[in-house]
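Worksheet for the structure shown next.
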Amino acid sequence: VRAQISHPLIVAFHGAMQDKSNVYFLLAYYPGGDLAYHLSKHGALKTSAVRFFAAEVLLAVQYLHQQRIVVRDLKPENILLDARGHVRLTDFGLSKPRVSCWTQGATTMCGTEPYVG
């Protein structure tokens, strides 16, 4: 999934390498940390920040849907921030590619505890 995605609000993928026991992904570095870190450090965000982050996340998810990709592990830990505070979505390991019909798309239960339930 990762290799077919190219969008300014999604982590840039530069390639992958593999040895006998591991696969390594070459990704861009985003020094702003993840949203989970900022929530734990600062607590609740201001309404203006929530609106800004939500708008950027929705634009990224809209792009993924246009590419027929269903994101199934969207959580604060998978929302990185660049040096200017803009969102970059990451971790598409549980995503489902090539969904042709939204009503018949992903039917399996998956995600990260405690976000699913």
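Oh and the sequence shown: position 46 is 46 in the UniProt record's numbering, straight run, nothing missing. Don't be surprised by glycine CBs; every beta carbon is placed ideally from N, CA and C. In this text, all values refer to a predicted model and were calculated from it rather than measured experimentally.
{"Asked": "When the Cα atoms are used, what is the spatial distance from Ile79 to Phe25?", "Found": "17 Å"}
{"Asked": "In chain order, what residues of the same chain lie with their CB nearer than 7 Å to the CB of Leu59, ignoring the 5 residues before and after it?", "Found": "Leu9"}
{"Asked": "Nearest-angstrom Cα distance between Lys75 and Arg88?", "Found": "12 Å"}
{"Asked": "Give the single residue among Leu64, Leu39, Asp82 whose Cα lies nearest to the Cα of Leu4.", "Found": "One detail in the question is off: residue 4 reads as Gln in this sequence, not Leu. Cα-wise, what sits closest to Gln4 is Leu64."}
{"Asked": "What residue from Tyr29, Asp34, Val57 has the CA that sits closest to Val71's CA?", "Found": "Val57"}
{"Asked": "So what does DSSP say about Trp71, is it helix, strand or coil?", "Found": "Position check: residue 71 holds Val in this sequence, whereas Trp was assumed. Three-state result, Val71: coil."}
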